[in-house]
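A.B. asks: The sequence shown begins at 1 in the numbering used here and counts up by one.
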Amino acid sequence: MKFTEFGFDDRLMEGIEASGYEDATPVQEKVIPLVLEGKDVIASAQTGTGKTAAFLLPLLHRMLSQPHNEHSINALVIVPTRELAIQIEQNLEGLSYFTGMSSIAVYGGGDGQAFVQEKKALSMGADFVICTPGKMMAHIKMGYVKLDQLHYLVLDEADRMLDMGFYDDIMFIIKHLPAKRQNLLFSATMPPKIRELARKILHHPSEINIAISKPPEKIIQQAFLVFEQQKTPLVRYLLKDKNFKKIVVFCSSKLSVKQLTRELKRFRMPVEEIHSDLEQEKREEVLMHFRSGRIQILVATDILSRGIDIDDIDLVVNYDVPHDGEDYVHRIGRTARAESDGTAYTLISPREQRKFAAIERLIGKEVPKGKLPDDLGPAPEPGMPPAGRKPGNRRQR
Ligand code: AMP
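Next comes the structure, spelled out in structure tokens:
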């Protein structure tokens, strides 16, 4: 379905075009018309499905087409993490660029200046407030937050918020909202506690389920928690296993593909690389050599994760954690095709732990973690915070 078919406001269509969206994703196709009708919605959808635009676009359209109070908060989007708040705000900024709507992301960990800006926006009104629960609750307790004209509430990644222990904070915030409002709840999974939350918050919601792709059961999945500098030695170690005949190692960037290939070649491994910097002819040649078994190991970007049919790959190694669950499923789905079994290893650096946990939630299973060989030194502790992360400071009114 094309975006032009939803009947969106022209100013919104400009933002959609500028963002490069043409066709709606499945979750957008289902959710947008319901939100435009004013219905409450509960949707199971993961990151990567386009769920953010599925709620932002119809809410923006409703605000543009109905009178709304500029001196209040009109829509509140509650999310589990600062990263998600920033990401949604950026997405919103792009989509609403030509609409004149105002927005602010409110999350913990900011400095005094951020707090002053947040206080100003929350007391003078903003069309969209995207917040983490704890920080929003802290502001509400101070008494200046203008919520009396709020029309729209979105809970995003609700299952994760409950896992993180935000239930009480969420309920506290909701108690301060007008009873008459439209509610949207998005969650990757629908365990009973989410249904319970939905019963408390939503009114006769329409339910949307987007089928989750899962990797075939017969793929043996294993993951290793490693420091970044241990990744290449670990790949070398894993590739030494003589049981694997045809191996693909996925990296998220061309640069890591090139570096890893160089390193493996240094150890005289039968390896080639494939990525978008190669001419089409060269790519085809590499694929031909890989298919025929002339080279045993292919180091690839996600260029290879979808649609390329090579039947007898028996090992996939994720040198880094894929961007989202769909990419993970596509990457490891390269193995265990047809009758054969397959193995998939994923290397997780401390800063990738959270991303991998989200993937595990998507596929509905915890991937067993392997032990590093002794000569690689100690592995990071699970849950270790990534070093050198600076708090984001983007804010906009
Ligand atoms: P989300 O699942 O909301 O995190 O979105 C995942 C990514 O897909 C984001 O980078 C969005 O900007 C992008 N996206 C969302 N909807 C569309 C669409 N209809 N067409 C192209 N890209 C999209």
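Note that CB positions come from ideal geometry on N, CA and C, so glycine has one too.
1. Among PRO133, TYR345 and ILE16, which has the Cα closest to the Cα of VAL154?
2. Going by CA-CA distance only, name the one from THR261, ASP159 and PRO215 that's closest to ILE78.
3. Would you grab the beta carbon distance between ALA188 and GLU157 for me? Rounded to a whole angstrom, and I think it's under 8 Å.
4. Three-state secondary structure (DSSP) at LEU197?
5. Measure the C-alpha to C-alpha separation of ASP10 and ARG62 and round it to an integer number of angstroms.
6. With contact counted as at least three CB pairs below 8 Å, one residue from each stretch, are the stretch 63-76 and the stretch 135-149 in contact?
7. Going by other Cβ atoms of all chains shown within 10 Å of its Cβ, with 16 needed for buried, is ASP127 buried or exposed?
8. Can you give me the C-alpha to C-alpha distance between PHE414 and VAL41, rounded to a whole angstrom?
9. What number of angstroms, rounded off, separates the C-alpha of LEU122 from the C-alpha of ALA85?
10. Go ahead and pull the three-state DSSP assignment for ASN209.
11. Please state whether the Cβ-Cβ distance between PHE244 and TYR319 is less than 8 Å.
12. Which one of TYR345, GLY110 and ASP168 has the shortest CA to CA distance from GLY370?
13. Check whether the stretch 193-200 touches the stretch 86-106, counting contact only when three or more Cβ pairs, one atom from each stretch, lie closer than 8 Å.
14. Across the stretch 352-368 and the stretch 229-246, are there enough close Cβ pairs to call them in contact, namely three or more that are closer than 8 Å?
15. Quick check on this structure: which residue in ASP241, GLY383, LEU372 and ARG199 has the alpha carbon closest to the alpha carbon of LYS231?
16. If you count every other CB in all the chains shown that lies within 10 Å of the CB of THR343, and 16 or more means buried, which is it?
17. Per DSSP, ALA121 forms a beta bridge with which residues?
18. If we count Cβ pairs, one from each stretch, closer than 8 Å, do we get three or more for the stretch 80-94 versus the stretch 102-111?
19. Taking its Cβ as the centre, do 16 or more other Cβ atoms sit within 10 Å of GLU381, making it buried, or is it exposed?
20. Nearest to PHE55 by CA position, among GLY38, PRO67 and GLU14, is which residue?
21. Here's the rule: buried if 16 or more other CB atoms are within 10 angstroms of the residue's CB, otherwise exposed. What is ASN393?
22. Can you tell me whether ASP327 sits near the ligand AMP, meaning its C-beta is under 7 Å from at least one heavy atom of the ligand?
23. Can you find a heavy atom of the ligand AMP that lies under 7 Å from the Cβ of GLY15?
24. Report the three-state DSSP secondary structure of GLU381 (helix, strand or coil).
25. Starting from the N-terminal side, write out each stretch of the beta strand (DSSP E) that is 3 residues or longer and does not extend beyond the stretch 40-86.
26. Hey, PHE166 and PRO80: beta-carbon distance below 8 Å or not?
27. DSSP three-state label for LYS240, please.
28. Could you check where the alpha helix (DSSP H) with GLU292 kicks off and where it finishes?
C.D. replies: Per the coordinate set shown:
1. Taking only the C-alpha atoms, the option nearest VAL154 is PRO133.
2. Of THR261, ASP159 and PRO215, the residue nearest in Cα terms is ASP159.
3. Taking 8 Å as the upper bound for CB-CB distance, ALA188 and GLU157 are in contact here, some 7 Å apart.
4. LEU197 carries a helical assignment under DSSP once its states are collapsed to helix, strand and coil.
5. For ASP10 and ARG62, the distance between alpha carbons rounds to 13 Å.
6. The stretch 63-76 and the stretch 135-149 touch, with no fewer than 3 CB-CB distances between them shorter than 8 Å.
7. By the neighbour-count rule (16 or more Cβ atoms within 10 Å), ASP127 is buried.
8. Only positions 1 to 397 of the chain appear in the structure, and residue 414 is not among them; the question remains open.
9. Rounded to whole angstroms, LEU122 to ALA85 spans 16 Å at the Cα level.
10. Looking at ASN209 - three-state DSSP - the assignment turns out to be strand.
11. No, the Cβ-Cβ distance between PHE244 and TYR319 is not below 8 Å.
12. Residue TYR345 holds the alpha-carbon nearest to the alpha-carbon of GLY370 among TYR345, GLY110 and ASP168.
13. The stretch 193-200, when compared against the stretch 86-106, does not touch it at the 8 Å Cβ threshold.
14. No, the stretch 352-368 does not touch the stretch 229-246.
15. When only C-alpha atoms are compared, the closest one is LEU372.
16. So THR343 counts as buried.
17. According to DSSP, which records beta bridges pairwise, ALA121 is partnered with nothing at all.
18. In short, these stretches touch, since the Cβ pair count reaches three.
19. Per the 10 Å Cβ criterion, exposed.
20. If we check each option's Cα against that of PHE55, GLY38 comes out closest.
21. Its pLDDT being 35, under 50, ASN393 is placed unreliably by the model, and the measurement read from it follows with that caveat. ASN393 comes out exposed.
22. It does not: the Cβ of ASP327 is nowhere closer than 7 Å to a heavy atom of the ligand AMP.
23. In terms of side-chain proximity, the C-beta atom of GLY15 is found no nearer than 7 Å to any non-hydrogen atom of the ligand AMP.
24. DSSP places GLU381 in the coil class of the three-state scheme, outside both helix and strand.
25. Taken in chain order, the whole beta strand (DSSP E) runs of length 3 or more contained in the stretch 40-86 are 41-44 and 73-78.
26. Yes, they are a contact pair.
27. LYS240 sits in coil when the DSSP states are folded into three classes, being neither helix nor strand.
28. Per the sequence presented here, residue 292 reads as Ser, with Glu not at that position. Where SER292 is concerned, the enclosing alpha helix (DSSP H) stretches over 280-292.
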